[in-house]
Every structure is written in C-alpha cells, then in structure tokens.
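Undergrad: Top line first, the protein sequences correspond to chains Z and A.
Per my numbering, the first sequence starts with residue 18, numbered consecutively.
Per my numbering, the second sequence starts with residue 40, numbered consecutively.
Quick reminder that beta carbons are idealized off the backbone N, C-alpha and C, glycines included.
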Amino acid sequence: MSLLWKLLRQHISIPQFAGFFLANLVGMVIILLGTQFYTDVQAIYDSEDSFMKADYLIINKKIGAITMLTGKSVAFSGEELAEVEGQPFVEAVGFFTPSAFNVRAAFEMQGIANMSTDMFFESVPDRFVDVASDRWHYEPGSSDLPIILPKNYLDLYNFGYASSRGMPKLSEGIVGAVTLHITVQGNGKSADFNGRIVGFSSRLNTILVPESFMKWANGEYVSKAVEPTRLIVKVGNPTDQRIAKYLTDKGYETDTSKLDASKTTYMLRMVVGIVMAVGLVICVLAFYILMLSIYLLVEKNSYKLENLLIIGYSPCRVSLPYQLLTVFLNVFVLLMAYGILLLLRSIYLSMLMGFFPHVTLPSLLPSAIVGIALLLVVSIINICVVKNKVMSIWNRKD
Amino acid sequence: MNTIQLQQTLPAVFSERTNLQSDVWLQDVRLEKGKVYLVEANSGTGKSSLCSFVYGYRKDYIGSILFDGENIRSFSVKRWTDIRQEHLSLLWQELRLFPELTAMENVRIKNNLTDYQERQQIDYWFDCLGIADKKDSLIGRMSFGQQQRVAMIRALCQPFDFIFIDEPISHLDDTNSQIMGDILMDEVRRQGAGIITTSIGKHLPLQYDQVLKL
Numbered sequence: 018m019s020l021l022w023k024l025l026r027q028h029i030s031i032p033q034f035a036g037f038f039l040a041n042l043v044g045m046v047i048i049l050l051g052t053q054f055y056t057d058v059q060a061i062y063d064s065e066d067s068f069m070k071a072d073y074l075i076i077n078k079k080i081g082a083i084t085m086l087t088g089k090s091v092a093f094s095g096e097e098l099a100e101v102e103g104q105p106f107v108e109a110v111g112f113f114t115p116s117a118f119n120v121r122a123a124f125e126m127q128g129i130a131n132m133s134t135d136m137f138f139e140s141v142p143d144r145f146v147d148v149a150s151d152r153w154h155y156e157p158g159s160s161d162l163p164i165i166l167p168k169n170y171l172d173l174y175n176f177g178y179a180s181s182r183g184m185p186k187l188s189e190g191i192v193g194a195v196t197l198h199i200t201v202q203g204n205g206k207s208a209d210f211n212g213r214i215v216g217f218s219s220r221l222n223t224i225l226v227p228e229s230f231m232k233w234a235n236g237e238y239v240s241k242a243v244e245p246t247r248l249i250v251k252v253g254n255p256t257d258q259r260i261a262k263y264l265t266d267k268g269y270e271t272d273t274s275k276l277d278a279s280k281t282t283y284m285l286r287m288v289v290g291i292v293m294a295v296g297l298v299i300c301v302l303a304f305y306i307l308m309l310s311i312y313l314l315v316e317k318n319s320y321k322l323e324n325l326l327i328i329g330y331s332p333c334r335v336s337l338p339y340q341l342l343t344v345f346l347n348v349f350v351l352l353m354a355y356g357i358l359l360l361l362r363s364i365y366l367s368m369l370m371g372f373f374p375h376v377t378l379p380s381l382l383p384s385a386i387v388g389i390a391l392l393l394v395v396s397i398i399n400i401c402v403v404k405n406k407v408m409s410i411w412n413r414k415d
Numbered sequence: 040m041n042t043i044q045l046q047q048t049l050p051a052v053f054s055e056r057t058n059l060q061s062d063v064w065l066q067d068v069r070l071e072k073g074k075v076y077l078v079e080a081n082s083g084t085g086k087s088s089l090c091s092f093v094y095g096y097r098k099d100y101i102g103s104i105l106f107d108g109e110n111i112r113s114f115s116v117k118r119w120t121d122i123r124q125e126h127l128s129l130l131w132q133e134l135r136l137f138p139e140l141t142a143m144e145n146v147r148i149k150n151n152l153t154d155y156q157e158r159q160q161i162d163y164w165f166d167c168l169g170i171a172d173k174k175d176s177l178i179g180r181m182s183f184g185q186q187q188r189v190a191m192i193r194a195l196c197q198p199f200d201f202i203f204i205d206e207p208i209s210h211l212d213d214t215n216s217q218i219m220g221d222i223l224m225d226e227v228r229r230q231g232a233g234i235i236t237t238s239i240g241k242h243l244p245l246q247y248d249q250v251l252k253l
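#1: Excluding the five sequence neighbours on either side, which residues of its own chain have a C-beta within less than 6 Å of the C-beta of VAL78 of chain A, listed in chain order?
#2: For the alpha helix (DSSP H) that contains PHE372 of chain Z, what are its first and last residues?
#3: Residues of chain Z with a CB under 9 Å from the CB of GLN197 of chain A: which are they?
#4: Just mark ILE31 of chain Z as buried or exposed, buried being the case when its beta carbon has 16 or more other beta carbons within 10 Å.
#5: Got a sec: is the Cβ-Cβ distance from ILE148 of chain A to anything in chain Z below 9 Å?
#6: What does the alpha-carbon distance come out to for the pair MET191 of chain A and ILE218 of chain A?
#7: Any beta carbon of chain A sitting closer than 9 Å to that of GLN340 of chain Z?
#8: Beta carbon of LEU49 of chain Z, beta carbon of ALA122 of chain Z: below 9 Å?
#9: Within 10 angstroms of the Cβ of LYS406 of chain Z, are there 16 or more other Cβ atoms? Answer buried if so, exposed if not.
#10: According to DSSP, is VAL239 of chain Z part of a helix, a strand, or is it coil?
#11: I'd like to know if ASN324 of chain Z contacts chain A, where contact means its C-beta is closer than 9 Å to some C-beta of that chain.
#12: Going by beta carbon distance, what residues of the same chain come within less than 8 Å of THR241 of chain A, once the five residues before and after it are set aside?
#13: Going along chain A, which residues have a C-beta under 7 Å from LYS321 of chain Z?
#14: Please say whether ILE224 of chain Z and PRO167 of chain Z have beta carbons closer to each other than 9 Å?
#15: Less than 8 Å between the CB of VAL395 of chain Z and some heavy atom of the ligand HEM, yes or no?
#16: Quick one: residues in its chain with C-beta nearer than 7 Å to the C-beta of MET143 of chain A, no 5 flanking neighbours on either side, listed in chain order?
#17: Tell me whether ASP415 of chain Z is buried or exposed, calling it buried when 16 or more other Cβ atoms sit within 10 Å of its Cβ.
#18: Can we say the region 148-164 of chain Z touches the region 225-242 of chain Z, given the rule of at least three CB pairs closer than 8 Å?
#19: May I ask you to report which of helix, strand or coil DSSP gives LYS79 of chain Z?
#20: Please confirm whether PHE118 of chain Z and ARG362 of chain Z have their CB atoms less than 9 Å apart.
#21: Return no unless some Cβ of chain Z is closer than 9 Å to the Cβ of ARG193 of chain A.
#22: Using a Cβ-Cβ cutoff of less than 8 Å, which residues in the same chain neighbour LEU314 of chain Z once the five nearest sequence positions on both sides are dropped?
#23: Determine the contact status of LEU65 of chain A and THR48 of chain A, defining contact as a CB-CB distance below 9 Å.
#24: Suppose the cutoff is 7 Å on Cβ atoms and the five residues either side in sequence are ignored; what does the same chain contact list for ASN81 of chain A look like?
#25: Note the first and the last residue of the continuous beta strand (DSSP E) segment covering LYS267 of chain Z.
#26: Provide the residue span of the alpha helix (DSSP H) that contains LEU392 of chain Z, from first to last.
#27: Taking one C-beta from the region 194-204 of chain A and one from the region 111-131 of chain A each time, how about it: are there three or more such pairs within less than 8 Å?
#28: Express the C-alpha separation of PHE183 of chain A and LEU195 of chain A in angstroms, rounding to a whole number.
#29: Look at the alpha carbon of ARG123 of chain A and the alpha carbon of GLY329 of chain Z, and state the distance between them as a whole number of angstroms.
#30: Measuring only the C-alpha atoms, how far is LYS86 of chain A from ILE101 of chain A?
#31: At a CB-CB cut-off below 7 Å, which residues of chain Z make contact with GLU226 of chain A?
#32: So for GLU133 of chain A, helix, strand or coil by DSSP?
#33: Which residue wins for smallest C-alpha separation from GLY190 of chain Z, given the options Z:TYR312, Z:VAL215, Z:LEU359, Z:ARG182?
#34: Just to confirm my understanding: we take ASP257 of chain Z, look at its own chain, exclude 5 residues before and 5 after, and list those with CB closer than 7 Å. What are they?
#35: Let me know the secondary structure DSSP gives GLU26 of chain Z once reduced to three states.
#36: If the cut is a Cβ gap below 8 Å, which residues of chain Z does GLN124 of chain A touch?
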C-alpha cells in the first residue's frame, strides 16, 4: 500500500484540496448550524406551550352590543362548522365543548395556601392536545382527572394575589405536584374528583379536561344539550391572507397574537430553509471542486494507473487510495464542521438561555443525522466516480 | 493454463493487406506450456501488438485467441487481474517501469502484489545482472540497458504458465544477455512454464523448440 500510495500521491494538488476543504467546511457548517438552530428554536417555541401543537387557531364569534340585546346565539351551528371545515386553508376543525354542570375546585397546601373557587371546564378533541395519551386520559368511574390550566392563572396568583397577601410564589413544578379537590354538581347528582395538573398552557385561555371526561360528565350531570361556542382550527399556512379575510367576513374572532406566533414560526422555518439551501449550494460547489481535482489527479496519473493495472493490480485496489483520500477528507470536514457547530451553538445558546432559562435543550441528533447523511451521499458518489475513472483507463484500448 | 491458441488472428490495421506471409497471422497457432518459442519479426509486423492482444491489453484484432480453448474476448476484469497475477507474465518492450520509484521499489511493487519471490532471490538476481549497486537509484536515472534488467526481474516476480518477452536484450551486451537467458531459463524450468520471446535481430541465447516468422 505504501508503495502504491508513493506512486499515486504524485500530482496531488494541495491548493485544490485546501480549496475544497474550506468551501465544503463553510457549506457544511451552514447546513449543520441551520438544522441545529431550527431544532433549538423550535424547542423553545414548543416549551412555551407544550400542550398545543403549532399552527392552531381558536375561533369564536364576536360578542357585541347587538348580540347581547338580540340574544343571538354565539354558538356554532352544524352548517357553520361544515363551512369552516370546507375552507381551503383549514386542515382540521374541532369543537370546544363547555361543561354545563357546576364545578368547584379546592386547592390546599399545608400552611401555604388554602383556596376554593367556582370554575368551569372545556374540552377539545384529544388529537389537538399534545400530551402523552397515557397522561391525558380519563376512565369513566375513575376519580383521577388530568387538567391543563392556563398559565395566566398561575401568573395572576403569583404576581397579583400572592404579592399582595405576602404569600409564597409557586412554580409550575410545585403546582403540578398538588392535587385539586374537584366537586362536580348537576342534575341532582354530585361527585368528587382528584384533579391532577399535567401542565400549563399559555395559548389556551381555558381549563382543559380530556374529551372522554367531558362526554361522560355532560351526559351524567346535564339534561340539556351543550352547544359549542369556540372552534379549534388547524391551518396549513398561518400567514395565508385568506384566513384573516374569512374571519372578518364572517364576524369571527381569533387571538391575533397566536396568529403572529405561528407566523413567526413559519417565517423562521422559511429563513432557515433558505440559509440551508445556500449551505447546500456551497456544498455542491465544493463537491464539484473535489471532483474536478480528482479527475485532474487521475488524468495526470493515468499512465501510472495503467501500468499498475497492467502488472496485475485490480481496478478496485488501484482506486482505493483515491477513494480513501476523498472519504478521509469528507470525514475530516464533517468533524471540523461539527466542532465549529458546537462552538457557535454555545454562543447562541448562552444568548437564548438568557431569555428562556427553563427550556430543556434538544439533543444534537438532528444535525448529526443530517451531517452523516450528507457525508454518506457525497462519499458514495466520490467512490463511484473514482472507480469509474479507473475503469475508463482499464478500457481505453478497446 | 496449458495452451494458448491463435485462430486466424490478425491485427485490425492489417486487414487491408493482401500479400501477408506469416507463421502467426491468419494461421492456427498453438503455443504449449513448457516449450520455448521465438517469434522473429521485422519492424512493423505487429510483434508488440501480438503481446498486447494475448495480455488482454488491446482487443483491436480479428479472429480469436483462446486460453485452454476459451475465448479471451469474454474474460471479465477480475479474470484478467487474476491471469496477470498468476498465469501470464509480460516483459514489455517499453518496459513500463515507474520512473518515480527506485529499481528495487519497481520490483517490490509487483512482488508485494503476488508475494511470490523471496527477498534473497531478488537480491541474487540484482547481483547476477550487475545492478546490485543500482537498487536504490531512481529508474528515471538509469540507462535503458539497466532498466531492461530491472524489468526482467519484475517479470519473474510472479507465478506464470507463459512468459512473453518482447525484445528483452536490445540494449544488452552478449555477456549480460547470456546471464539474463540463464536466469530466465532457471525460473521457467522451475515453474514448468512456456516462453515466447520476440526479436527483430538479436535474440536471447536459448534452446528454442520452435521459431515462428511473423
């Protein structure tokens, strides 16, 4: 091998390979950084509200003076629902089902707080709630009831109530560990439940319980039918102009900040997509440089290669040094790019973590997968091209 | 591999020629393992082409060439690699050494592949041929006669059933030609192989079983 290498390394151009190395490094870093940045930022967005998937809108009818005076219903009829479902920008629609029974919740913490309040429940179809199905589940007859609370409630307590009364502030974790004593009453019956808070939502301004509980409880404690007053809508592209127009036309309302958040995510995705495309283009160009250098190298050494084939070396064995050279270069580029990625990530994370201190960071897996996939694709093409070139030397006298 | 047959073989460039008088071209020739052949030729009669055809390097001929009755045109790359490592050796007229390597490295690059000759054997041949002091000289700095001797040693660094030797002594004196002939015959007898040597005048001093006029 060493003698073979001594022969075949003749005419290797260091500047050409350095050019490839730098160009490919830049491209690779951009691609890896794009992937990792997107994953990290996505995690931060999601951690804001891990219970509601992105791109959901909550729609209700506007309540104005006329509605109040005429007593016009703010509930959605079957036709109206079907119409919303038929819109081209809508991917899925679900009802908010309100509870039509009385709910009273008592919150106790030894020596810290002791409160009780009237409240209400709502539910949405389970497919819109992003909690593991074993945690977001109610068996009729069971006394365990999972609940998602609006984050506002906690803020109201911490920054309003607790401050003014000199009571301790509560974190999400502590509240999550506490059981709510829930009493449900209606239709002449009543029952007690142990409410378990599985999370806080900043996108949903309501108290959510599983759909199965709501169906059961509304059947059990309510005599009249319940009409939905709010819809949860999944849209494909939240920046779609038709959404805003449709809502205005029909006199519906939505929380615009949610629309904005979705728009930001959408824009982020687009910008990262563009950046990664640029990285990919640089990588393709770098790959082109490498291929040109290899072609030139093989061309310059073609007489040597031919003589090696003639004294009995197989095309595979003669190709191997150049194949190893390219693969080694690719691996080296990937490792360097990964090192640079880690460095850059630590810089931007230290900034992001300042804003969002409680975020659990995603792993480096996505960028690793992208990097290794690129490495494999490029290396396989390199290996095939070198082999083809050597075979063309084998066949040249045909 | 025991026989090489040429059936009505002719280089494609000669297909226009009419007054061809040859013991090889357009004839049925059978070369057998263990025998010594001399192919005598004038310049331009296709002596080197013959070597290239049999070695699978060129295919621009008409007719067929058979190894043990099997047409070599259909041989795969792997088969040819195998033949070149184990069954057929060729000393090229243009030698095809690597000028970037030393004499010894040129021999070793072949012997590393076949792992056939002992180091002492190679040293012994360098000694016999009077180029022991040139082992570590670059081939590019050696005379053609010296290079011919290195190429001969390289050609012997493999097992073979036939060895083709294309004008091996064009730049050698009689003494060195004799030594080269002896070394060649020793190795060929040891391997029980056949020799096909070509010449346009001066030929290796061997006991030829058959002389073919090209």
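TA: Concretely, from the data shown:
#1: THR237, LEU251, LEU253
#2: 332-372
#3: ILE328, GLY329
#4: exposed
#5: yes
#6: 11 Å
#7: So no, GLN340 of chain Z is outside the interface.
#8: no
#9: buried
#10: coil
#11: yes
#12: The question names Thr, yet the displayed sequence has Lys at residue 241 of chain A. Cβ within range, chain order: ILE208, SER209, SER216.
#13: PHE137
#14: yes
#15: Ligands displayed in this structure: none; no statement on the ligand HEM is therefore possible.
#16: These residues qualify, in order along the chain: LYS174, ASP175.
#17: Interpretation of ASP415 of chain Z is limited by its pLDDT of 42, a score under 50 that renders its predicted location unreliable; the figure taken from the coordinates is listed afterwards. Result: exposed.
#18: Taking a contact to require three or more Cβ pairs closer than 8 Å, the region 148-164 of chain Z and the region 225-242 of chain Z qualify as touching.
#19: coil
#20: no
#21: Answer yes: the Cβ-Cβ gap between ARG193 of chain A and chain Z drops below 9 Å somewhere.
#22: Around LEU314 of chain Z: HIS28, ILE29, SER30, TYR339.
#23: yes
#24: ILE239
#25: Unbroken run through LYS267 of chain Z is the alpha helix (DSSP H), 258-267; no beta strand (DSSP E).
#26: 382-411
#27: Touching, yes.
#28: Between LEU195 of chain A and PHE183 of chain A, the C-alpha separation is close to 19 Å.
#29: Looking at the two C-alpha atoms, the distance is approximately 5 Å.
#30: 16 Å
#31: None at all; the shortest Cβ gap to chain Z is about 17 Å.
#32: coil
#33: Cα-wise, what sits closest to GLY190 of chain Z is Z:VAL215.
#34: PHE106
#35: Correcting the residue identity first, residue 26 of chain Z is Arg in this sequence and not Glu. Here ARG26 of chain Z sits in coil by DSSP.
#36: GLY329
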